[in-house]
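First residue of the sequence shown? That's -12 in the working numbering, and the numbers climb one at a time after it.
Virtual Cβ for every residue (Gly too), placed ideally from N, Cα, C.
Everything below concerns the one structure shown next.
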Amino acid sequence: MFRSLFRFVLLIGLFLTLFQGQAQKPREVVIEGKAEFATNYKIRVITFSDYINWDPIETTSEQIARDGSFKLSFQMPTIQLIRLEINSATTELFVVPGLHYQFKLDMDPALFTMFNPADENGFIQLIPSQLDTNDLNYKIGKFEVEYARLLEKYGRDIIWYKSWTHLDSLITELSENFPIRYEPTNYYLSYIYYTVGQLEAFLSSKEPLRIYQKYFDNDYILYNNPAYMNLFNYYFNDYLLVSPRISKETLNKTINENADYLTLFNEVGKDFSLVNERLRELVLIKNLAQMINNEELNQNNITQFLNHIATNTRFPEHQPIAINSLNKAVQFNAGASIPEFSFKYADGSLFHPEELKGQWVYYHFFSTQCVSCIREMTLIQELQKRFEGKVTFVGVAVDPDFSKFLQFRKKYPQFDWNMVHFNDSYAFLRQMEITSLPEYLMMAPDGTLYNRYPRSPEKGLTTHLLRLLTTEKEEGHPLDPHYQRKK
């Protein structure tokens, strides 16, 4: 009898393994339609590394035809939130593996020409060729509209006065049209459930057990559901540092003194929110990455812990998240490398940043329509003369239309330092998180990143450069093998 039961359990386990393997197998997603406002521009599909780090990844792209038509095809293993991007104009949608989507894309032409239309609430409009009330985007969109209406009605009292009465009223009204229940295998219902949970978590900041038991004390981690992960990110933000059930002594011994990941893993598991080992490891990934650059904790040991998780985790979803979290945490640190780009001069020749090694390089990102950017250039003009031979200034125009850059060069010949066009290097802008103008970054003489957020020409750049060059004179040149950069 027991042998038969054992065989039955093995068969069930095998069936579930095969079923899960089939469910996770990537399937084709097709998105096609018309975007007549953006003919001849490139349309890109942006996916996200995970919903802890939200690193944008260009999955596929296609040039929009002269008649405005386009067709995008890519593989997806699970339901995902993706972004469609044309220049810097965007829209987001959920895609289900195996489905074929048809849309008309539209946008105000004036907003489309802006560097970041979202600043003016400008987004690409998605108009489905045929209305399908069962479509996930339709259902979530309908929910979001009603949720936004109720937030406008009750949100002030909920947020400012932490009113449970008003939250109850919001939930009561919302549930008249939308089911609010825990059903982890249903993407749509989970989206609703965990979206509402974010408000409840906000009001329950002094009752963490309540939130844990209702939303996390189960066998499911919904890695691909942004509503779940938003609640996860809120509840477990800096959790190891703020939880009264995890002592600083424990963190100090395991991270600083003993570099003992296993003991850290076991000790934090005594916290009621971290009993589940899968959830605990995910929280450790998130929190260890947040601890990078915390001067009170040993950075090398934290890095080793994250690498250990990436190498040894029993949970396949955690390996890329651990790697992404570590990379994200250090991407703007001094000494980091920056993504490749292909800027070009007005004559069409490529800009080669390696030719500037041995100099401090200050990049100034601008648009020819940006008045404050041009005003700063008059200051850069003086700085260029003052720091000639020591600091090189590079202006980078981010106008989608190259001809605008050419017209700008003719109009302002006095701006005679390195002026280049970004040449559709959108991946570089995304990865360096350049989303507003003017924007800046500074490179060290060895070609690595010195400062992602240096002072602006109008706010202390002159003083900063004087101090920097004085320090360099005292400590030696960064290309000298005996030079040690100050931390």
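Own chain, CB closer than 6 Å to residue i, minus 5 neighbours either side, in chain order
i: histidine 153; result: Tyr141, Asp144, Ile145
i: isoleucine 310; result: Ala297
i: histidine 451; result: Arg442
i: asparagine 405; result: Val381
i: glutamate 304; result: Tyr210
i: leucine 157; result: Leu137, Tyr141
i: arginine 14; result: Pro84, Gly85
Unbroken alpha helix (DSSP H) run spanning residue i, endpoints
i: valine 132; result: 123 to 148
i: leucine 176; result: 174 to 190
i: aspartate 155; result: 151 to 161
i: phenylalanine 259; result: Segment: none, phenylalanine 259 is in no alpha helix (DSSP H) and carries neither H nor E.
i: tyrosine 413; result: 413 to 418
i: asparagine 294; result: 286 to 299
i: tyrosine 226; result: 226 to 229
Given residue i as reference, the closest of the options once Cα atoms are compared
i: glycine 345; options: Thr78, Ser177, Gly434; result: Gly434
i: phenylalanine 392; options: Leu456, Leu86, Asn410; result: Asn410
i: lysine 126; options: Asn224, His295, Ile179, Asn281; result: Ile179
i: leucine 238; options: Glu342, Gly256, Tyr222; result: Gly256
i: glutamate 72; options: Phe374, Glu194, Gln112, Thr182; result: Gln112
i: valine 262; options: Lys58, Lys235, Asn205; result: Asn205
i: alanine 135; options: Asn243, Pro115, Leu186, Tyr88; result: Leu186
i: threonine 78; options: Ala97, Thr379, Thr34; result: Thr34
i: threonine 379; options: Leu337, Asp334, Met430, Glu283; result: Met430
i: proline 340; options: Val383, Leu366, Lys58, Lys193; result: Val383
i: glutamate 49; options: Phe24, Tyr38, Ser75, Ile18; result: Ile18
i: leucine 448; options: His408, Ser390, Leu370, Glu375; result: Leu370
i: threonine 172; options: Ile208, Leu196, Lys446; result: Ile208
i: aspartate 37; options: Tyr440, Pro307, Gly376; result: Pro307
i: asparagine 288; options: Ala323, Asp119, Leu251; result: Leu251
i: asparagine 294; options: Asn314, Val358, Arg265; result: Asn314
i: asparagine 103; options: Pro387, Glu445, Val270; result: Pro387
i: asparagine 212; options: Asn245, Glu375, Pro400, Ser177; result: Ser177
i: proline 432; options: Glu327, Ala316, Leu343; result: Leu343
i: arginine 373; options: Ser162, Gln318, Pro444; result: Pro444
i: leucine 123; options: Tyr174, Leu157, Leu92; result: Tyr174
i: glycine 322; options: Tyr437, Arg362, Gln277, Thr300; result: Tyr437
i: serine 116; options: Gly128, Pro96, Gln89; result: Gln89
i: isoleucine 114; options: Lys91, Lys193, Arg168, Ala105; result: Lys91
Residues that DSSP places opposite residue i in a beta bridge
i: methionine 406; result: Gly382
i: alanine 76; result: Ile73
i: glycine 20; result: Phe57, Phe90
i: isoleucine 33; result: Glu45, Arg70
i: lysine 331; result: Leu337, His408
i: methionine 63; result: Arg14
i: phenylalanine 353; result: Ala384
Cβ neighbour criterion (16 or more within 10 Å) applied to residue i
i: glutamine 394; result: exposed
i: serine 354; result: buried
i: glutamine 67; result: buried
i: arginine 454; result: exposed
i: threonine 241; result: buried
i: alanine 10; result: Summary for alanine 10: the model assigns pLDDT 48, below 50, so the residue's position carries little reliability, and this model does not support an answer.
i: tryptophan 151; result: exposed
i: tyrosine 215; result: buried
i: alanine 22; result: buried
i: proline 166; result: exposed
i: isoleucine 39; result: buried
i: tyrosine 337; result: For the record, residue 337 in the displayed sequence is leucine; it is not tyrosine. Its Cβ having fewer than 16 others within 10 Å, leucine 337 is exposed.
i: tyrosine 148; result: exposed
i: alanine 97; result: exposed
Residue range of the beta strand (DSSP E) that includes residue i
i: serine 48; result: 43 to 50
i: isoleucine 114; result: 112 to 115
i: methionine 216; result: No beta strand (DSSP E) contains methionine 216, which is instead part of the alpha helix (DSSP H) from 213 to 222.
i: methionine 429; result: 426 to 430
i: tyrosine 210; result: Looking at the DSSP string, tyrosine 210 is not in any beta strand (DSSP E), and its letter there is neither H nor E.
Close beta carbons around residue i, own chain, < 7 Å, minus the five adjacent residues each side
i: leucine 86; result: Val16
i: leucine 218; result: Tyr181, Gly184, Gln185, Ala188, Tyr202
i: leucine 164; result: Correcting the residue identity first, residue 164 is asparagine in this sequence and not leucine. Counting only Cβ-Cβ distances below 7 Å, and skipping sequence neighbours, we find Glu133.
i: tyrosine 28; result: Ile51, Ile73, Asn74
i: leucine 196; result: Phe259
i: phenylalanine 57; result: Glu19, Gly20, Ala22, Ile30, Glu49, Ile51
i: phenylalanine 130; result: Phe165, Ile179
i: lysine 12; result: Pro64
i: lysine 101; result: Here residue 101 is methionine; the residue named in the question, lysine, does not match the sequence. Taken in chain order, the residues that qualify are Glu107, Gly109.
i: histidine 408; result: Phe330, Lys331, Ala384, Phe389, Phe392
i: arginine 265; result: Ile208, Phe302
8 Å CB neighbourhood of residue i in its chain, flanking five on each side removed
i: asparagine 274; result: Phe223, Asp225, Tyr226, Leu227, Leu228
i: threonine 47; result: Arg31, Val32, Leu59, Ser60, Phe61
i: tyrosine 199; result: Tyr222, Phe259, Ser260
i: glutamine 286; result: Ile279, Asn280
i: leucine -8; result: Note that leucine -8 scores 36 on pLDDT, short of 50, meaning its location in the model is unreliable and no value can be drawn from it.
i: isoleucine 44; result: Ile33, Thr34, Phe35, Ser36
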